[in-house]
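Enquirer: Residues 288 to 601 in the working numbering are what the sequence shown lists, from first letter to last.
Glycine is no exception: its CB is placed at the ideal position from the N, C-alpha and C atoms.
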Amino acid sequence: MNRVTLAVLVLAVMVCFFARDDSTLEYFHITEANMTKDTKSLDIDDNLRIPSFFIGRPHFVHNEKQKIIVFRDDDIGPDWSVNSAIYITDLFRRMNVSHVLGIVPANIDGRKLDDDTVLYNYLKSIKDDESIEFALHGYDHSLNEFESIELNGSPDSAMSKIYSGIRIIEDVVGITPVTFVPPYGVYNENTRIALKSTDSLHIMSTCQTGIKGNRAFKEVDGLLYLPSTTYFYNWDEKRYNTHKEIISSCNHAFDKYGVCVIVFHHHMLKDDSANMDPTKVQELINVIEWARSKEHDGSAKIMLLKDISKDDLQ
Numbered sequence: 288m289n290r291v292t293l294a295v296l297v298l299a300v301m302v303c304f305f306a307r308d309d310s311t312l313e314y315f316h317i318t319e320a321n322m323t324k325d326t327k328s329l330d331i332d333d334n335l336r337i338p339s340f341f342i343g344r345p346h347f348v349h350n351e352k353q354k355i356i357v358f359r360d361d362d363i364g365p366d367w368s369v370n371s372a373i374y375i376t377d378l379f380r381r382m383n384v385s386h387v388l389g390i391v392p393a394n395i396d397g398r399k400l401d402d403d404t405v406l407y408n409y410l411k412s413i414k415d416d417e418s419i420e421f422a423l424h425g426y427d428h429s430l431n432e433f434e435s436i437e438l439n440g441s442p443d444s445a446m447s448k449i450y451s452g453i454r455i456i457e458d459v460v461g462i463t464p465v466t467f468v469p470p471y472g473v474y475n476e477n478t479r480i481a482l483k484s485t486d487s488l489h490i491m492s493t494c495q496t497g498i499k500g501n502r503a504f505k506e507v508d509g510l511l512y513l514p515s516t517t518y519f520y521n522w523d524e525k526r527y528n529t530h531k532e533i534i535s536s537c538n539h540a541f542d543k544y545g546v547c548v549i550v551f552h553h554h555m556l557k558d559d560s561a562n563m564d565p566t567k568v569q570e571l572i573n574v575i576e577w578a579r580s581k582e583h584d585g586s587a588k589i590m591l592l593k594d595i596s597k598d599d600l601q
């Protein structure tokens with residue numbers, strides 16, 4: 288090979304290198320440009336393994352009818368383990384992963400979101416983050432809150448609780464929720480009627496019991512039913528699932544529905560001393576890594592519930 292030929296080959300390689308998609312670089316490296324102030328100041332245990340490969344903007348290959356992955360964190364409410372809610376939400380934001388927050392607008396003591404100044408200020412600070420969805424998770428999360436609820440006529444009716452919950456979230460973050468997550472996964476026909484009477488709520492995301500009916504992952508009477516398929520905690524065996532078990536559950540959901548809705552509770556990722564449990568948090572990170580790898584190879588996409596339409600379902 289003469290010098291002229293070699294020079295041409297080197298030049299061609301350089302042109303290909305510098306012409307590559309910059310979004311690929313952003314996927315592999317976190318940069319000052321795509322870090323928010325909150326991301327830079329985030330105080331997460333250095334012992335937790337968050338590889339740079341999974342931090343930044345994803346660069347995917349588009350496939351029709353990609354599998355869908357949803358992360359849903361329930362029980363963000365006033366005076367309810369607020370520090371763990373902030374910790375886990377910031378973890379998702381640092382890893383640039385979309386997730387749904389199940390917001391409980393009030394508690395059984397009558398305190399509302401704006402009565403908890405720490406949570407109130409935090410939610411307002413992240414209200415413009417497009418990777419976060421604010422879902423309505425009941426009103427006060429009382430036991431089986433919507434299981435036998437009346438339609439209207441009292442402050443404890445479905446109409447009153449749902450409309451009051453919407454207003455509180457609107458007042459705090461300026462966003463009208465479109466997803467309803469019934470506490471304990473239970474609701475009655477009056478709940479459905481109340482939801483359909485609103486201008487915004489058109490997605491119902493229950494627990495796994497919602498899969499037993501014939502509405503799961505279908506649109507019925509104007510409501511799109513997107514129940515959870517996978518849990519971090521094994522309620523039957525009273526133990527935490529490993530990340531391998533969670534991934535296996537998701538793969539099963541992919542095969543059956545094309546969608547995996549992963550539900551966890553930030554306050555259950557703490558240890559007995561009420562501190563964040565590094566082992567539990569690392570398992571969450573492992574699942575996020577897996578989800579990002581599926582997104583990167585084009586076989587799945589991480590979505591918010593509010594962005595899913597019936598056309599996305601298989």
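#1: Measure the CB-CB distance between E457 and T466 and report whether it falls below 8 angstroms.
#2: Determine the closest residue to G461 out of E576, D508, K411, with distance taken between C-alpha atoms.
#3: Do G509 and H489 count as a contact pair if the criterion is CB distance below 8 angstroms?
#4: Write down the C-beta distance between V384 and L592 rounded to the nearest angstrom, noting that I regard them as a contact closer than 8 angstroms.
#5: Which residues does DSSP pair with D361 in a beta bridge?
#6: Examine the Cβ distances between the stretch 447–455 and the stretch 421–431 and report whether three or more of them are shorter than 8 angstroms.
#7: I need the boundaries of the beta strand (DSSP E) containing I480, first residue and last residue.
#8: What is the residue span of the alpha helix (DSSP H) that V459 lies within?
#9: Do you know offhand how far A299's Cα is from D584's?
#10: Indicate the three-state DSSP secondary structure (helix, strand or coil) for V507 in the structure shown.
#11: Beta-carbon within less than 7 angstroms of K414's beta-carbon, same chain only, minus the 5 sequence neighbours each way: which residues are those?
#12: Counting only runs of 3+ residues fully inside the stretch 487–534, write out the beta strand (DSSP E) ranges in chain order.
#13: On the CB-based measure, 16 or more other CB atoms within 10 Å of its CB, does P442 come out buried or exposed?
#14: What did DSSP end up calling F421 once you bin it into helix, strand or coil?
#15: Would you decide whether G500 is buried or exposed? Buried here means 16 or more other CB atoms lie within 10 Å of its CB.
#16: Give the straight-line distance between the Cα atoms of V507 and D360, rounded to the nearest whole angstrom.
#17: Taking N431 as the reference, which of S444, A372, R502, G472 has the closest Cα?
#18: Among the residues of its own chain, which have a CB less than 8 angstroms from the CB of D523, if the five just before and after it don't count?
#19: Which stretch, first to last residue, makes up the alpha helix (DSSP H) that contains H583?
#20: Using a 10 Å radius around the Cβ and a threshold of 16 neighbouring Cβ atoms, would you call E437 buried or exposed?
#21: Hey, F433 and P392: beta-carbon distance below 8 angstroms or not?
#22: Relative to the C-alpha of V546, which candidate in A372, Y409, T485, I595 has its C-alpha closest?
#23: Opposite H386 in the DSSP bridges: which residues?
#24: When you compare each of G452, A481, A578 to N394 by their alpha carbons, which one comes out closest?
#25: For R479, count neighbouring C-beta atoms within 10 Å of its own C-beta (all shown protein chains included) and say buried if the count is 16 or more, exposed if not.
#26: Quick check: the Cα distance between I356 and Q601, rounded to an integer number of angstroms?
Expert: Here's the rundown:
#1: no
#2: K411
#3: In terms of Cβ geometry, H489 and G509 form a close pair [threshold 8 angstroms].
#4: So it is not a contact: roughly 14 angstroms between Cβ atoms.
#5: H552
#6: yes
#7: Here I480 belongs to no beta strand (DSSP E); instead the alpha helix (DSSP H) covers 476–484.
#8: 445–460
#9: Confidence in A299 is poor, its pLDDT being 46 and thus under 50, which makes the residue's placement too unreliable to answer from.
#10: Secondary structure of V507 (DSSP, three-state): strand.
#11: The answer, listed in chain order, is V460, G461, I462.
#12: 510–512
#13: exposed
#14: strand
#15: exposed
#16: 25 angstroms
#17: G472
#18: Correct list: empty, nothing qualifies.
#19: In the DSSP assignment, H583 falls within the unbroken alpha helix (DSSP H) covering 565–583.
#20: The Cβ neighbour count for E437, taken over all protein chains shown within 10 Å, is under 16; the residue is labelled exposed.
#21: no
#22: I595
#23: I419
#24: G452
#25: buried
#26: 14 angstroms
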